[in-house]
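Student: Attaching a single structure in structure tokens format; questions to follow.
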Amino acid sequence: MRAAGVLTVLALIFGTTSAWSADLAKVNGKAITDKDLDTALAGIPDAQRETILKDANSKRQIINGLVEQELLAQAAEKEKLDQTPDFKSALEGFRKQYLANRLLQKNLGPEVNEKAVKKFYEKNKNRYSTDMVHAQHILVATEEQAREMLKKAKAPGADFQELAEKNSKDPSAKNNRGDLGFFGRDRMVPEFTEPAFKASEGEIIGPVKTGYGYHVIKIIKKKFGKVMDFADVELKAQNDLRQELAQSFVGKLRKDAKVEFIDKAIDAK
């Protein structure tokens, strides 16, 4: 349920590279170029990347890391590790991830500009507040199970934490009995956070669907804070907008595709 990030595998790389490259170092004759450096820095925020590129020592540290990586790669090739099934599988995984990233960059990159990010922030200010919620939850596999659990949780005299300990599929429930403690809006996935923050103290809600399954949620206490200034959360708002656009884009692809889950194979132990 923690927002590790739905579509984090599809991390967006909104940048460009030049058609030519300059050599920065050589390892046994193999060049390490400024394109390699750009690739190494592609996943970090623009401001941090600019700081590194302007500082010779920081830049040299990154290049030295690329040198060590090349040394290890060359040693691995000598041992023919690049000819193993594991390598081919990893290469195929990288190919898919790279193509996914490039597709998102091509289709969504222009939409994530300063004006769009500011508009997204204004529309979703509640996401950037310091509000906190203390909640407990029960996680089950199906909507039907969640409805049954909701009914039991709302029954007079019901012990919510006992129900969580006995029925929740969340591995941590055996220890915390479904108690998530206090959390902010950015700690859990949005599908869980939004209904939890909208509910009132003492309210039990559900079913709430996330990528983990179906939840029944009990709100214990709420703490109200303030909305953070745009300047303080601009990077987070930018990432949130990218994430939302990516989810919408993938959703359209899924709608037009035939996706099948082989339950028997998935559930096999």
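Its first residue numbered -17, the sequence shown is counted upward by one per residue in the numbering used here. Virtual Cβ for every residue (Gly too), placed ideally from N, Cα, C. Since we're looking at a predicted model, the values are computed, not measured.
Within its chain, find whatever has a CB closer than 7 Å to the CB of threonine 15; leave out the 5 residues flanking it on each side and keep chain order.
Tutor: Position 33 of the sequence shown, counting from 1, holds the residue named residue 15. Around threonine 15: Ser3, Ala4, Asp5 and Leu6.
Student: What does the Cβ neighbour count give for threonine 175, buried or exposed, with the cut at 16 atoms within 10 Å?
Tutor: Within the sequence shown, numbered from 1, the residue matching residue 175 stands at position 193. By the 10 Å Cβ count, threonine 175 comes out buried.
Student: At the level of alpha carbons, what is the spacing between lysine 40 and aspartate 28?
Tutor: One-based indexing of the sequence shown puts residue 40 at position 58. One-based indexing of the sequence shown puts residue 28 at position 46. For the sequence presented, residue 40 should be read as serine rather than lysine. So the alpha carbons of these two residues sit roughly 15 Å apart.
Student: What's the gap between the Cα of isoleucine 45 and the Cα of leucine 23?
Tutor: For the purposes of this step, residue 45 is taken as residue 63 along the sequence shown, with counting starting at 1. For the purposes of this step, residue 23 is taken as residue 41 along the sequence shown, with counting starting at 1. Each residue's alpha carbon lies about 11 Å from the other.
Student: So which of Glu147, Met131 and Arg167 has the shortest CA-CA distance to glycine 160?
Tutor: The residue labelled residue 160 in the question sits at position 178 within the sequence shown. Minimum Cα distance to glycine 160 is reached at Glu147.
Student: Confirm, please, whether the CB-CB distance from alanine 117 to alanine 178 is below 8 Å.
Tutor: Residue mapping note: residue 178 aligns to position 196 of the sequence shown, counting from 1. Residue mapping note: residue 117 aligns to position 135 of the sequence shown, counting from 1. Taking 8 Å as the Cβ cut-off, alanine 178 and alanine 117 qualify as a contacting pair.
Student: Measuring only the C-alpha atoms, how far is glutamine 51 from threonine 33?
Tutor: Against the sequence shown, residue 51 aligns to sequence position 69. Against the sequence shown, residue 33 aligns to sequence position 51. Between glutamine 51 and threonine 33, the C-alpha separation is close to 23 Å.
Student: Is it true that the stretch 80 to 89 meets the stretch 122 to 138, where meeting means three or more beta-carbon pairs spaced less than 8 Å apart?
Tutor: Contact between the stretch 80 to 89 and the stretch 122 to 138 is absent, because fewer than three Cβ pairs lie under 8 Å.
Student: State yes or no: is the C-beta of alanine 219 nearer than 7 Å to some heavy atom of the ligand FAD?
Tutor: Inclusion of the ligand FAD in the displayed structure is not the case, the ligand content being empty and no account of it being possible.
Student: Using the beta-carbon count (16 or more within 10 Å), is isoleucine 248 buried or exposed?
Tutor: Along the sequence shown, one-based indexing puts residue 248 at 266. Isoleucine 248 should be labelled exposed.
Student: Per the DSSP calculation, glycine 163 is bridged to which residue(s)?
Tutor: The count along the sequence shown starts at 1 and reaches residue 163 at position 181. Answer by DSSP bridge pairing, in chain order: Ala117.
Student: Could you give the distance in angstroms between the alpha-carbon of lysine 205 and the alpha-carbon of lysine 237?
Tutor: In the sequence shown, the residue the question calls residue 205 occupies position 223. In the sequence shown, the residue the question calls residue 237 occupies position 255. If I take the Cα positions, the gap works out to 39 Å.
Student: I need the DSSP call for lysine 134, collapsed to helix, strand or coil.
Tutor: By 1-based counting over the sequence shown, the position of residue 134 is 152. Correct three-state label for lysine 134: helix.
Student: Use the C-beta contact count for alanine 155: other C-beta atoms within 10 angstroms, 16 or more gives buried, fewer gives exposed.
Tutor: Counting from 1 along the sequence shown, the entry for residue 155 is found at position 173. Buried: at least 16 other Cβ atoms inside 10 Å.
Student: Does chain B have any CB closer than 8 Å to the CB of tyrosine 103?
Tutor: Absent from the structure: chain B. Only one protein chain is present.
Student: Output the boundary residues of the beta strand (DSSP E) element that contains lysine 92.
Tutor: The count along the sequence shown starts at 1 and reaches residue 92 at position 110. Residue identity differs from the one stated: residue 92 is proline in this sequence, not lysine. Taken as a continuous stretch (DSSP letters only), proline 92 belongs to no beta strand (DSSP E), as it is neither H nor E.
Student: Locate the beta strand (DSSP E) running through valine 198, then write down its first and last residues.
Tutor: Against the sequence shown, residue 198 aligns to sequence position 216. First-last of the beta strand (DSSP E) with valine 198: 195 to 205.
Student: Please report the residue range of the beta strand (DSSP E) in which alanine 259 lies.
Tutor: Lying outside -17 to 251, the shown extent of the chain, residue 259 is not represented and no answer is given.
Student: By Cβ distance, which residues of its chain are closer than 6 Å to phenylalanine 243, with the 5 residues on each side in sequence left out?
Tutor: What you label residue 243 is simply residue 261 of the sequence shown in a count that begins at 1. No residues qualify anywhere along the chain.
Student: From alanine 181 to alanine 213, what distance separates their C-alpha atoms?
Tutor: Locating residue 181 in the sequence shown gives position 199, where the first residue counts as 1. Locating residue 213 in the sequence shown gives position 231, where the first residue counts as 1. Each residue's alpha carbon lies about 29 Å from the other.
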